[in-house]
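When the letters of the sequence shown are read in order and numbered with UniProt numbering, they come out as residues 1 to 89. Everything on this sheet refers to the single structure shown next.
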Amino acid sequence: MRELIEDLKKSDHVVENLRAEIEPLMKLAESGMITVKLQWRDIPGRYLFTEEGLQQYPHLEHAFAEFRIELTGGETPLLRKLKRGMGEE
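Structure representation (structure tokens):
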């Protein structure tokens, strides 16, 4: 996700806003400092996709969704089943 953000922030200031909002969490996650499941509401940035137009970058939206899933405890068996059904592993 970091690479996508770095590539896109040059041409879209909203991507830079996303980076600024989630940078602390990315650093904690990368360093292994997050040891408890977070709640969806505790992960900033989602509104930037729905309200500020970042959904135009599907790869970034997918990476952000995967990041949120990992921070909230990883994939559930139901999510894995749904992803398999959609051809996504």
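For glycine and all other residues, C-beta sits at the position ideal for the given N, C-alpha and C.
Through-space distance from ARG2 to LEU48, alpha-carbon basis: Roughly 16 Å separates the two Cα atoms.
Reduced DSSP category for GLU3 - H, G, I as helix; E, B as strand; rest coil: DSSP places GLU3 in the helix class (H, G or I) of the three-state scheme.
Selection from ARG46, GLY53, ILE34 that minimises the alpha carbon distance to GLY74: Checking every option, the nearest Cα to that of GLY74 belongs to ILE34.
Short Cβ contact (9 Å threshold) for residue 169 with LEU38: Within the shown structure, residues of the chain are numbered from 1 to 89, placing residue 169 beyond reach of any answer.
Distance between LEU4 and ASP42 (C-alpha atoms, nearest Å): If you take the alpha carbons of ASP42 and LEU4, they lie about 22 Å apart.
Option nearest PHE64 by Cα separation, candidates LEU25, GLY87, LEU82: If we check each option's Cα against that of PHE64, LEU25 comes out closest.
C-alpha gap between LYS27 and GLU52, whole angstroms: A straight line joining the alpha-carbon of LYS27 with that of GLU52 spans about 24 Å.
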